[in-house]
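Engineer: These protein sequence lines map, in sequence, to chains G and E.
Start counting the first sequence at 96; every next residue gets the next number (the working numbering).
Start counting the second sequence at 470; every next residue gets the next number (the working numbering).
Dumping the structure here so I can ask a few things about it.
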Amino acid sequence: MRTPWITNSTALRARMAKPAQVNSTDPEAGMPPYMESFLAHLRMLVGVPFDYLVPDARLLPDESIRFFYLDRSWTDRLGDGAIAVGKIGSRDQAHHQANAPAVNQQLDQTERIVRQLQIGKSGSFADQKSANDQKQSAAGVVTGLLLRSAAVAGWPSMDVRAYDQDLAEPLDASSQAAIEHQLLTLRLELLSPSVLIALFQGIPKLVILEEPHHSIQFGILDPSASGDFSMYIRDTTGHQIPAPSNTPALGWTKGNPITIPVPVRAANPRVLHIAKLRDALQAETTVATGKPMPQQNGSAEFALEVLQPPWRQRFEGTVDEAGQGGDGRFVGRILVAQNVANLATQTAYRQILATVGSGPVKAPAVEKVKNGNH
Amino acid sequence: MTPPQPPKGNMVLWDHILPPLLDGSYRWLTETDVSYQIAQTDPTQPPVNETQNLPEAEGYFNVEGPRFSLDASQIATVFPPKNGHGGFNESLPHVAIFKRTLPWERALDPQEVLWKGQAPPAWNGNVPWMALLLFEESECTVQQKVAIGDALPAAIVKELAPPQGLQVDTVSADSTLVASIMPSLEELSLLAHVRQLNVEDRELNTAGGDGWFSVVMANRVPEAGKKYVACLVSLEERWDVVPQQPPAAAATIPVNRQPVVGHLASSQSAAIVTQGSQSRMPTSDLPIFTAVESQSLLQTTTGSPITHFGDILVVGDPGRIRFHFQTTFILLYSWKFECTQAGTFRELMQGLDDKMFGNPNTQNKPPLTDTGHLLMPVVDRAGETEVTFYRGPLVPFQLTRDPLGPYHSADQCRRGSIETGGEDISYAAAFECGRLLAAADGRLAQDIMRWRREGYKVSARTDSLNLVAKAMSLVQAPDVHQPFAPVAAVSAVQSLVSPAIPVADPYQIGIAENAVGMNPSVLQQAWNLSSAQEAIAILGGDAGTLGAVVTAPAQTARPNTTIDAVAADNAGLSRLSGFRAQVLDNATATLEGE
């Protein structure tokens, strides 16, 4: 008989004599950092092939924006699949089964720092995780949008913000009121050069797409397309200045924004005479308009005047429930099943049966239909 | 010091951000100045001053940056968009660069040739070394990988002192046109600035995470219906083309402008003479200089280029020669766009088709159910094609989260539908997708294995600890998070030093008492006696037999005493010594007896 390679007492000693104990801050489900970060990224659909998200190109046609809820069950299955790698026996299954609630809870928490990790600023995964774990809260609803447009490629780095309230314009994104109502952006990334995905924590009532600030264009006005240029003048905060009075000599109509003509070069009438324009803007600062204009003493002040503020596109509380509505349970060929499931139909049905007098109706078949997906 | 990030949604504009050192070659020189006093032994004598300097040291270093080309990754964004079509006829093109100091890292005119000995004005420090020139596609020629000596005037190349064999991209255009576009020195400074933004709300971008951008804008407005090339050119040492003062402005804003024609006339030759007089033009390369002034040779017909001498392109058709004077620049970056009627950000946004994802009411309706499931044919494992339902993670309404988890295989996630008999493969697909993504990542597989192994170890330890705790009757429950050795040691010591736990039934009377023949109540039951007393009587005992409660004899009250009093009690001491001797004797006898 072969002697066993390990005796009971050696095994016991080996089990007991671990010099470093489990770190008291680690729950038993504590995942290795890379694994935790990978699974949290999966939760945010990072790396999931586009065809899984949009299985049919017609779901996201050119020049369209689509809002959605994130199906948590779907992302949970994604994580289950990832953990299934190398799962070969019942021991592995039992381990996963036992740890799954803790793993899910931790990922609900960690998924919130995925964007910070993607931006790659402010600290390592461990630092961010410990800071984030201080702020425990239950997993919320995740919503988002997909945008396929020439604007995505043409205006890289546009601003995307979501709010849980329909805030009125003028909206200052940095104001306290706006910050309080802003939803946490969980992901904001390009899936392809012309497709953008954004995920938010919570249900937005207002989504804003704003022209990227660093590519705010410089603009002038050419209303008749004749090369007869003019431009708005702007105050020190970049806002247009409404004319304080009706003065036809200056071209003022009370309340309308003030414009001034733009000088061009004699040799090339589509080249602006920048120096003369600067002088004209400086001269304008002495005109009493009620709003101070910046003194023209550098390129920043000049740029402030010729900038066109970025366009802000608002998408506000929609009631589009995509087709027939419903609670999202899977009910295949729907209309019949849905009508049967309808409470009004049920009531009517019972009434008819009651008048026929065949006794009370027990356990309507629709109950089964409702639970048909399990 | 970096200024704080602006608040969300705000932008801060800066005139310029100057680098601490301009690009170039520098020499550093280190000197020391060490002197000390030596006091004399005779205190009346003044101390002696001595110096002991270290030898001087010097060295050279270069500050380098983009000069003859600009990597496309440095460009944050351009407007109008690259290859874009749109109504840009009310916009000035511009380019945003990730590096905030780039436009000011070199001096345009380091020798101050343009100021001819006068002190330059204050804004001269703000003049960038690059400009964004906008040409129509037909107006300019972009060439790639040209030897720098062939492209630029020799005098400029001499000043630039480029490395041997350097090749650059160039853009050339008609000199008159360039002169009509080229901003003056002060205009250049007005056309470049720095923007600082808040980075929180922006989608990810590979670089440029700090929110700073330098921006160079053009001064020419695109015209609808034309194609343009925007060229970011280097103006380093180009005092030959950058005017000190801008050319004249159009006297009034002309209302009806006709296309300007025939502007090649006399101003052309005049410009050449002026430039030539600066002795910066490569006049020696021009073999037929006098012919230029001869109006008879200038033709308005176009021909094909024959050759060019430095900046001068000779265009000829049979029997005639015509000179186009070209100005060539080093091209740092360029992009094309077409100015049409529509396509600004605003127009695109307003034109968006906005719906919930999975809305079937779109053009070319996809085969969707009202739950957002897509009909999808798949080949099942029997090799037959069946139509299944698939829904991705993006759904048009809020769903409850499936509480049945975790799943261990894709088959576990497949669902059937009672109404249609169809199969829902959404979650099975998700499972497989996750599995494939994870399997593709070797590091993750290792981490998952480590995670499992760690779990097994902890679980084994917990089991062992529980077994040991049971066997050792530990005083403290073991905790897998706490070191076990101290707990075990404390328990062992404690059971050594403290007396054994009192035995509940030291004489096992309980066993005897429960024997059928000894227990009156059992006897009473068995024999059906009328009372317990009778059974006791039969067993021949009274209550005291099995140990009635015995009251302890009362302790004699003793007064409080002191150690001194006890020590003084000789009789007591001797009695104690006697007892001790007796105990020792007994012990000796017992041990020897064994």
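C-beta atoms are modelled at their ideal positions from N, C-alpha and C, and glycine is treated no differently.
Note that the structure is predicted; figures quoted are calculated from it, not measured.
Along the region 822-846 of chain E, what residues have a CB closer than 9 angstroms to any CB found in chain G?
Structural biologist: 822, 823, 824, 825, 826, 827, 828, 829, 830, 831, 832, 833, 834, 835, 836, 837, 838, 839, 840, 841, 842, 843 and 845
Engineer: Report yes if the C-beta distance between residue 904 of chain E and residue 180 of chain G is below 8 angstroms; otherwise report no.
Structural biologist: Locating residue 904 of chain E in the second sequence gives position 435, where the first residue counts as 1. Locating residue 180 of chain G in the first sequence gives position 85, where the first residue counts as 1. Contact: yes.
Engineer: Nearest to residue 516 of chain E by CA position, among E:689, E:507 and E:522, is which residue?
Structural biologist: Position 47 of the second sequence holds residue 516 of chain E. It is E:507 whose Cα lies nearest to the Cα of residue 516 of chain E.
Engineer: Give me the subset of the region 540-551 of chain E whose CB atoms are less than 7 angstroms from a CB atom of chain G, sorted by chain position.
Structural biologist: 545, 546, 548 and 550
Engineer: Is it true that the CB of residue 231 of chain G sits closer than 8 angstroms to the CB of residue 95 of chain G?
Structural biologist: In the structure displayed, chain G extends from 96 to 469; residue 95 of chain G sits before or after that span and is not available.
Engineer: Hey, does residue 151 of chain G have any beta-carbon neighbour from chain E nearer than 8 angstroms?
Structural biologist: The sequence position of residue 151 of chain G within the first sequence is 56, counting from 1. Yes, residue 151 of chain G counts as interfacial toward chain E.
Engineer: Would residue 392 of chain G be called buried (16 or more neighbouring beta carbons within 10 Å of its own) or exposed?
Structural biologist: Locating residue 392 of chain G in the first sequence gives position 297, counting from the first residue. When all chains shown are included, residue 392 of chain G counts as exposed.
Engineer: I need the boundaries of the alpha helix (DSSP H) containing residue 207 of chain G, first residue and last residue.
Structural biologist: In the first sequence, the residue the question calls residue 207 of chain G occupies position 112. Segment: none, residue 207 of chain G is in no alpha helix (DSSP H) and carries neither H nor E.
Engineer: If we ignore side chains and look at the alpha-carbon of each, how far apart do residue 201 of chain G and residue 870 of chain E end up?
Structural biologist: Counting from 1 along the first sequence, the entry for residue 201 of chain G is found at position 106. Counting from 1 along the second sequence, the entry for residue 870 of chain E is found at position 401. Roughly 16 angstroms separates the two Cα atoms.
Engineer: In the DSSP output, what is residue 224 of chain G paired with across the bridge?
Structural biologist: Position 129 of the first sequence, counted from the first residue, corresponds to residue 224 of chain G. As computed with DSSP, residue 224 of chain G is found in no beta bridge at all.
Engineer: Who does residue 530 of chain E pair with in a DSSP beta bridge?
Structural biologist: As a working note, residue 530 of chain E is residue 61 in the second sequence. E:495.
Engineer: Touching or not, the region 182-201 of chain G and the region 864-878 of chain E, by the rule of three or more beta carbon pairs under 8 angstroms?
Structural biologist: yes
Engineer: According to DSSP, simplified to helix, strand and coil, what is residue 100 of chain G?
Structural biologist: Stepping through the first sequence from its first residue, residue 100 of chain G is reached at position 5. Residue 100 of chain G falls in the coil class under three-state DSSP.
Engineer: Using a Cβ-Cβ cutoff of less than 6 angstroms, which residues in the same chain neighbour residue 695 of chain E once the five nearest sequence positions on both sides are dropped?
Structural biologist: Indexing the second sequence from 1 puts residue 695 of chain E at position 226. Non-local C-beta neighbours of residue 695 of chain E in its own chain, meaning closer than 6 angstroms and more than five positions away in sequence, comprise 605 and 808, ordered along the chain.
Engineer: When the Cα of residue 361 of chain G is compared with those of E:658, E:855 and E:650, which residue comes out closest?
Structural biologist: Walking along the first sequence from the start, residue 361 of chain G turns up at place 266. Minimum Cα-Cα distance from residue 361 of chain G among the listed residues E:658, E:855 and E:650 corresponds to E:650.
Engineer: Over what stretch of residues does the alpha helix (DSSP H) that includes residue 996 of chain E continue unbroken?
Structural biologist: Within the second sequence, residue 996 of chain E is the residue found at index 527, counting from 1. Its alpha helix (DSSP H) spans residues 989-996.
Engineer: Only counting the same chain, and skipping five residues up and downstream in sequence, which positions put a Cβ closer than 6 angstroms to that of residue 583 of chain E?
Structural biologist: On the second sequence, residue 583 of chain E is found 114 positions in, with the first residue counted as 1. Same-chain partners within the cutoff: 708 and 713.
Engineer: For a test of the three-state rule: what should DSSP assign to residue 707 of chain E, helix, strand or coil?
Structural biologist: Your numbering for residue 707 of chain E matches position 238 in the second sequence. Three-state result, residue 707 of chain E: coil.
Engineer: Keeping to the same chain, check which residues put their C-beta closer than 6 angstroms to that of residue 1057 of chain E; ignore five residues upstream and five downstream.
Structural biologist: Within the second sequence, the letter at position 588 stands for residue 1057 of chain E. Excluding sequence neighbours, residue 1057 of chain E sits near nothing in its chain.
Engineer: According to DSSP, is residue 926 of chain E helix, strand or coil?
Structural biologist: As a first step, residue 926 of chain E must be located in the second sequence, where it is residue number 457. Three-state result, residue 926 of chain E: helix.
Engineer: Using DSSP with H/G/I as helix, E/B as strand and the rest coil, what is residue 243 of chain G?
Structural biologist: Sequence index remark: in the first sequence, residue 243 of chain G carries index 148 (1-based). Three-state DSSP puts residue 243 of chain G in a strand.
Engineer: So residue 452 of chain E contacts chain G; which residues on that side make the cut at Cβ distance below 7 angstroms?
Structural biologist: Given a span of 470 to 1063 for chain E in the structure shown, any question on residue 452 of chain E remains unanswerable.
Engineer: As a quick exercise: from E:528, E:629 and E:549, pick the residue whose alpha carbon is nearest that of residue 497 of chain E.
Structural biologist: As a first step, residue 497 of chain E must be located in the second sequence, where it is residue number 28. The option with the nearest alpha carbon to residue 497 of chain E is E:528.
Engineer: Just the chain G side, please: which residues come within less than 7 angstroms of residue 688 of chain E by C-beta, in chain order?
Structural biologist: One-based indexing of the second sequence puts residue 688 of chain E at position 219. Ordered by position in chain G, the residues that pass the 7 angstroms Cβ test against residue 688 of chain E are 366, 367 and 369.
Engineer: Tell me the residue span of the alpha helix (DSSP H) that contains residue 963 of chain E.
Structural biologist: Looking up residue 963 of chain E in the second sequence gives position 494. 953-966 is the span of the alpha helix (DSSP H), which, as asked, contains residue 963 of chain E.
Engineer: List, from N- to C-terminal side, the alpha helix (DSSP H) runs of 4 residues or more that fit wholly inside the region 618-649 of chain E.
Structural biologist: 623-629
Engineer: For residue 848 of chain E, collect the residues of the same chain with a Cβ closer than 6 angstroms to its Cβ; drop the 5 residues on either side in sequence, then sort them by chain order.
Structural biologist: Here residue 848 of chain E is taken as the residue at index 379 of the second sequence, counted from 1. Once the five neighbours on either side are set aside, the close Cβ partners of residue 848 of chain E are 854.
Engineer: With which residues is residue 293 of chain G paired in a DSSP beta bridge?
Structural biologist: Walking along the first sequence from the start, residue 293 of chain G turns up at place 198. DSSP, once it has assigned bridges, lists G:240 and G:283 as partnering residue 293 of chain G.
Engineer: Quick check: is the beta carbon of residue 471 of chain G nearer than 8 angstroms to any beta carbon in chain E?
Structural biologist: Because chain G is modelled from 96 through 469, residue 471 of chain G falls outside the range shown and cannot be assessed.
Engineer: What would DSSP say about residue 884 of chain E, mapped onto helix, strand or coil?
Structural biologist: Position 415 of the second sequence, counted from the first residue, corresponds to residue 884 of chain E. Residue state, collapsed to three classes: strand.
Engineer: Quick check: the region 278-298 of chain G against the region 241-256 of chain G, are there 3 or more CB pairs under 8 angstroms?
Structural biologist: Yes, they touch.
Engineer: Tell me the residue span of the beta strand (DSSP E) that contains residue 137 of chain G.
Structural biologist: Numbered from its first residue, the first sequence carries residue 137 of chain G at position 42. No beta strand (DSSP E) holds residue 137 of chain G; the alpha helix (DSSP H) holding it covers 128-138.
Engineer: Of all Cβ atoms in chain E, is any one closer than 8 angstroms to the Cβ of residue 160 of chain G?
Structural biologist: For this step, residue 160 of chain G is matched to residue 65 along the first sequence. It does: the Cβ of residue 160 of chain G has a partner Cβ on chain E nearer than 8 angstroms.
Engineer: Could you work out which residue in E:598, E:644 and E:646 is closest to residue 703 of chain E when comparing CA atoms only?
Structural biologist: Against the second sequence, residue 703 of chain E aligns to sequence position 234. The candidate whose alpha carbon is nearest that of residue 703 of chain E is E:598.
Engineer: Skipping 5 residues on each side, what residues in its chain have a beta carbon closer than 6 angstroms to that of residue 102 of chain G?
Structural biologist: Along the first sequence, read from residue 1 onward, the residue named residue 102 of chain G stands at position 7. None.
Engineer: Which residue from E:896, E:872 and E:873 puts its Cα closest to that of residue 883 of chain E?
Structural biologist: Mapped onto the second sequence, residue 883 of chain E falls at position 414. The shortest C-alpha separation from residue 883 of chain E is found at E:896.
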